[in-house]
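These protein sequence lines are chains A and B, in that order. Each residue of the first sequence is one higher than the one before, starting from 0 at the first, in numbering that gives the first Met the number 0. Each residue of the second sequence is one higher than the one before, starting from 0 at the first, in numbering that gives the first Met the number 0. All residues carry an ideal CB built from backbone N, CA and C; glycine is no exception. As structure tokens, the structure follows; a few thoughts come after it.
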Amino acid sequence: MKRSHLLAALVVFILSLLVPAVVQTDYVLQILFRIYLFAALGLAWNLVGGYAGQLSLGHSAYFGAGAYSLALFSGRLGVSPWIAALMGVAVALACALLIGGVSFRLRGPYFVLATIAFAEVLRLIAKNLPEVTGGDVGVQVPALFHGNVNRAFYWAAVGLTAVAFATTVAISRARFGYYLMAIREDEDTALSVGIGAAKNKLAALLISAVLTALAGALYGSLFLYIVPDQVLALDVSNEIAIVAMLGGAGTILGPVVGSVVLESAAELFKNFFKEAHLLIYGVLLVVVVLFLPEGIIGTLGALLRRRALLGGIKASARGVTGD
Amino acid sequence: MFPHLRITNYQLQVHGAGVRLDLYAALQAVINGLLTGALYALIGMGLALIFGVMRIVNFAHGAFMMLGMYATYVLFTRTGVSPYVLFMVAGILLFAAGYVIYFGLLRPIHGQSDFMQILLTLGIGLIATDGVLLVFGADYHQINFPLLGKNLHFGQHLNVNAPWVVSFVIAVVLALTLYLFVMRTMTGRAARAIAQNRYAAPLMGINVFRVQAISFALGVAAAGVAGGLLLPVFYIYPQVGDQFTLKAFVIVVLGGMESIVGAALAGLVLGVVESLTSLYWGNEWALAVDFVIFLLVLSLKPSGIFGRQRA
């Protein structure tokens, strides 16, 4: 990433922070919150699903761990909300160690299935232990912010996205990032040149889980109330993965673009189709796989590269013929 | 060390542990489990054909089962014909749908990574589920016909609901037919040849795409037929298939991937395990136990319980 790109990212970040000065309506702020939240989630997922090429469809586990830890540690044990949110990060790390330890030994569809199974077990535990988790009735989540709540949550989501973005930039330029991409391209070859596949994949998952848990805590705290089928649902995992795949897995900007497109489309669809709004996710998935397998950013990037290449060939051809 | 065991009056009492197991209740649970398990077996065999043999990762399997259920439901409410006839129509419709989906959507991404298939079929499943939701609404429905109230009694203690028995018998017959199709017909042999070596198979004159399309469509039809057979004994709502997708994968992995027979046995086992879990721990834990078994098998014995060790 060039210096001018980083500068542009910084400008966008500052402009994003200034948005609440212009936008005052709670509705719009909440949609923007959702866009940034899922941008952060998509970026977090992208480290594992994009760079390391391990398609996790169980990220609801870390999301739910973050939301439920905040609710339970704070509500039942009386810990202060921010400490409880940090404890949620610890719980998510523990989940990631367990899930990664088992799943990363599996490849292809088996890995995907194992991540789903783990997330489902967590959801069922949350549903079936009402004494602890409140079960299907749900549990109250303490407020992380007071006063102008929507503005505060919006800023928090922008901040989390910025952290996730910076993390992605740092990793994509570091040796660690190249290790992950090598594992994605060919795990056996990566192993044969001495890249510890298990260790690096797990490291990527741990970073991803931290960011996802924080997003889960933010989400739960905004709604003040959570149920298992909301924060631990497979729909959450799917949405996170779709955001990243739509924008372009394994690209820095992809998840952000994916979140803007998907969340805006979903918001429009909600008004038309009511409860059947997941239809848009299905349609987008099919469209992405058939027509944009590298996502929006990936496909655009390929187009630009090809044009640059063609331009270069034409220029050199002109140089040869002399006109 | 061991709690003292004493069997009296067909009741097994475990002193010391304070647990009282009623043999009849357990036996009843096993019977119920086998009845459910036969339908699981059919769904699992369908996925074994699609995923185990053809290596197409089908995340829409439960959605296809749901479509079979809704097709039977719509036909039943319009015509009033018994669902035990209409499930066949549902099977034919789902076969056609599977064939079209294979050539329209799956074949274009042939040769790409598993992840693309997963995302595509996930998308197909979401479209099917939410399409049905859009057309029929989110309400739960249940059909009603005379057979539903009938119970068969065995002795004093055991009884089974008649429609479950009918569904069970049909499912067993269909499972055998599917098995014979895969083992005896030319198409079945060709499918297994592709599973053994997908590069050598076309050299032997096998039309890989046609055989894959037929296998995929058959697997989808098996799920649809199972849906039709579940209709009399189950509530119907758009998300009814969701849990069956994962269950089907659990069954295929338990059964050892390529094995159609393994999937059938694993389906029966899963039915019994769920039923016993419901009896002793409560219905709400059945699905969790499924997944825990699944994770244990994946991490400890990836070749499955009934499968041979893969190279």
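Cβ-Cβ separation, residue j to residue i (assumed contact under 8 Å), whole Å
i: residue 39 of chain B; j: residue 300 of chain B; result: In fact, because the Cβ distance is near 20 Å, the residues do not count as touching under 8 Å.
i: residue 176 of chain A; j: residue 170 of chain A; result: 4 Å
i: residue 166 of chain B; j: residue 232 of chain B; result: 7 Å
i: residue 83 of chain A; j: residue 69 of chain A; result: 5 Å
i: residue 58 of chain B; j: residue 117 of chain B; result: 6 Å
i: residue 168 of chain A; j: residue 251 of chain A; result: 6 Å
i: residue 288 of chain A; j: residue 119 of chain B; result: 4 Å
i: residue 28 of chain B; j: residue 275 of chain B; result: 5 Å
Interface flag, residue i vs chain A, CB-CB below 8 Å
i: residue 284 of chain B; result: yes
i: residue 287 of chain B; result: yes
i: residue 137 of chain B; result: yes
i: residue 107 of chain B; result: yes
i: residue 275 of chain B; result: no
i: residue 64 of chain B; result: no
i: residue 310 of chain B; result: With a pLDDT of 32 at residue 310 of chain B, under the threshold of 50, the predicted position of this residue should be treated as unreliable, though the coordinate-derived value follows. So, not an interface residue.
i: residue 298 of chain B; result: yes
i: residue 68 of chain B; result: no
i: residue 182 of chain B; result: no
i: residue 114 of chain B; result: yes
i: residue 208 of chain B; result: no
i: residue 56 of chain B; result: yes
i: residue 215 of chain B; result: no
i: residue 293 of chain B; result: yes
i: residue 104 of chain B; result: yes
Test: residue i CB closer than 8 Å to a CB of chain B
i: residue 108 of chain A; result: yes
i: residue 270 of chain A; result: no
i: residue 292 of chain A; result: yes
i: residue 112 of chain A; result: yes
i: residue 177 of chain A; result: no
i: residue 116 of chain A; result: yes
i: residue 310 of chain A; result: no
i: residue 87 of chain A; result: no
i: residue 2 of chain A; result: no
i: residue 284 of chain A; result: yes
i: residue 51 of chain A; result: no
i: residue 299 of chain A; result: no
i: residue 322 of chain A; result: Only weak support is given to the placement of residue 322 of chain A: the predicted model assigns it a pLDDT of 49, under 50, and the value that follows is read from those uncertain coordinates. False, the Cβ-Cβ gap to chain B never drops below 8 Å.
i: residue 149 of chain A; result: no
i: residue 247 of chain A; result: no
i: residue 275 of chain A; result: yes
Run of the beta strand (DSSP E) containing residue i, from where it starts to where it stops
i: residue 45 of chain A; result: That residue, residue 45 of chain A, is in no beta strand (DSSP E); its alpha helix (DSSP H) goes 25-45.
i: residue 152 of chain B; result: 150-153
Span of the alpha helix (DSSP H) around residue i
i: residue 75 of chain B; result: 60-78
i: residue 159 of chain B; result: Per DSSP, residue 159 of chain B belongs to no alpha helix (DSSP H); it is in the beta strand (DSSP E), 157-160.
i: residue 127 of chain A; result: 107-127
i: residue 219 of chain B; result: 207-229
i: residue 4 of chain A; result: 2-21
i: residue 201 of chain B; result: 199-202
i: residue 283 of chain B; result: Run containing residue 283 of chain B: none; DSSP gives neither H nor E here.
i: residue 103 of chain A; result: Taken as a continuous stretch (DSSP letters only), residue 103 of chain A belongs to no alpha helix (DSSP H), as it is neither H nor E.
i: residue 244 of chain A; result: 233-246
i: residue 292 of chain A; result: No alpha helix (DSSP H) holds residue 292 of chain A; DSSP gives it neither H nor E.
From the options, residue whose alpha carbon lies closest to that of residue i
i: residue 91 of chain A; options: A:66, A:78 and A:144; result: A:66
i: residue 220 of chain A; options: A:269, A:157, A:139 and A:277; result: A:139
i: residue 141 of chain B; options: B:228, B:196 and B:101; result: B:228
i: residue 145 of chain B; options: B:83, B:285, B:87 and B:217; result: B:83
i: residue 137 of chain A; options: A:144, A:123 and A:146; result: A:123
i: residue 241 of chain A; options: B:260, B:295, B:125 and B:23; result: B:125
i: residue 100 of chain B; options: B:269, B:286, B:226 and B:219; result: B:219
i: residue 79 of chain B; options: B:143, B:44, B:171 and B:274; result: B:143
i: residue 216 of chain B; options: B:29, B:32 and B:50; result: B:50
i: residue 174 of chain A; options: A:257, A:40, A:51 and A:27; result: A:51
i: residue 254 of chain A; options: A:29, A:282 and A:47; result: A:47
i: residue 97 of chain B; options: B:76, B:64, B:75 and B:187; result: B:64
i: residue 164 of chain B; options: B:177, B:180, B:147 and B:174; result: B:147
i: residue 95 of chain B; options: B:149, B:23 and B:224; result: B:224
i: residue 54 of chain A; options: A:8, A:12 and A:106; result: A:106
Checklist entry - Is the number of C-beta pairs between the segment 99-116 of chain B and the segment 208-225 of chain B that are closer than 8 Å three or more? => result Contact check between the segment 99-116 of chain B and the segment 208-225 of chain B: three or more CB pairs, one atom from each, fall below 8 Å, which counts as touching.
Between the segment 247-257 of chain B and the segment 66-83 of chain B, do three or more beta carbon pairs fall short of 8 Å? Not touching, per the Cβ criterion.
Touching or not, the segment 278-286 of chain A and the segment 109-117 of chain B, by the rule of three or more beta carbon pairs under 8 Å? Fewer than three pairs of CB atoms, one per stretch, sit closer than 8 Å, so the segment 278-286 of chain A makes no contact with the segment 109-117 of chain B.
Check your understanding: If we count Cβ pairs, one from each stretch, closer than 8 Å, do we get three or more for the segment 265-273 of chain B versus the segment 22-40 of chain B?
Key -> Yes, they touch.
Touch check for the segment 183-202 of chain A and the segment 14-28 of chain A: three-plus C-beta pairs under 8 Å?
Contact check between the segment 183-202 of chain A and the segment 14-28 of chain A: fewer than three CB pairs, one atom from each, fall below 8 Å, which does not count as touching.
*Touching by the beta-carbon criterion (3+ pairs, under 8 Å), the segment 224-236 of chain A and the segment 261-276 of chain A*: No, they do not touch.
If we count Cβ pairs, one from each stretch, closer than 8 Å, do we get three or more for the segment 151-164 of chain A versus the segment 28-40 of chain A? Under the three-pair Cβ rule at 8 Å, the segment 151-164 of chain A counts as touching the segment 28-40 of chain A.
For the 8 Å Cβ check, are there 3 or more pairs between the segment 104-123 of chain A and the segment 208-219 of chain A? Below 8 Å, too few C-beta pairs join the segment 104-123 of chain A and the segment 208-219 of chain A to call them touching: fewer than three.
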